[in-house]
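Residue numbers (this note's numbering): 115 to 290.
Let me begin by presenting the structure, written as structure tokens, before commenting on it.
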Ligand SMILES: [Zn+2]
């Protein structure tokens with residue numbers, strides 16, 4: 115009986131063994147869910163604790179970026195359409211990936227029902243597509259890029275359109 119998040123066909127294709135097989139997340143721990151605000155994401159079905167191993171993941175090795183691939187090294191991507199390929203983004207993530215061990219760890223306590231969220235810039239040099247972020251974190255970058263690429267022209271338009279207050283330094287001195 116297969117209790118993992120992965121269908122039998124994907125297990126057969128990736129052939130995990132040993133630790134990786136034992137650490138695959140179960141369907142009782144995680145689930146894929148679609149919401150109107152966030153689209154498809156992976157959600158916790160039980161609480162996880164800070165520092166806990168959420169699970170190992172399986173993936174196909176590919177050499178081109180796609181919307182659900184994650185970068186292991188430049189020009190070297192992993193594609194997992196059942197788990198990590200569908201993690202949502204947050205600028206204040208609650209999980210972190212080890213792309214070489216192919217494991218996911220919990221950065222802070224996660225309650226049942228919460229989405230697992232990674233920072234896409236933690237793995238990607240450049241994103242399949244840059245996008246505006248509404249994660250709501252105090253440190254939200256507003257526009258998400260890969261860690262090694264500049265904000266694109268659409269991003270500049272978005273960011274300057276959002277600019278309500280003038281940048282620090284050109285504010286008029288407060289009157290006494
Ligand atoms: Zn954000």
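All C-beta atoms in this analysis are idealised placements derived from N, C-alpha and C, irrespective of residue type, glycine included.
Pairing CB atoms from the stretch 146–158 with CB atoms from the stretch 172–181, are three or more of them under 8 Å? Contact between the stretch 146–158 and the stretch 172–181 is not established, with fewer than three Cβ pairs separated by less than 8 Å.
Could you check where the beta strand (DSSP E) with residue 190 kicks off and where it finishes? In the DSSP annotation of this structure, the continuous segment of the beta strand (DSSP E) that includes residue 190 starts and ends at 190–193.
What are the start and end residues of each continuous beta strand (DSSP E) run of 3 or more residues lying completely inside the stretch 154–230, in chain order? With a minimum length of 3 residues, the continuous beta strand (DSSP E) runs that stay inside the stretch 154–230 are 167–170, 174–176, 183–187, 190–193, 209–212, 217–220.
Cβ contact (3+ pairs, closer than 8 Å) linking the stretch 209–225 and the stretch 238–247: No, they do not touch.
Beta carbon of residue 236: closer than 7 Å to some heavy atom of ligand 1? Judged by the Cβ position, residue 236 fails to qualify as a neighbour of ligand 1 at the 7 Å threshold, every heavy atom of the ligand being at least this far.
Under a Cβ-count criterion, where at least 16 other Cβ atoms within 10 Å of its own Cβ denotes burial, should residue 142 be classed as buried or exposed? Classification for residue 142: exposed.
Residue 185 and residue 238 closer than 8 Å at C-beta: Going by C-beta atoms, residue 185 is nearer than 8 Å to residue 238.
Regarding residue 261 and ligand 1, is the C-beta to nearest heavy atom distance less than 7 Å? No, the Cβ of residue 261 stays beyond 7 Å of every heavy atom of ligand 1.
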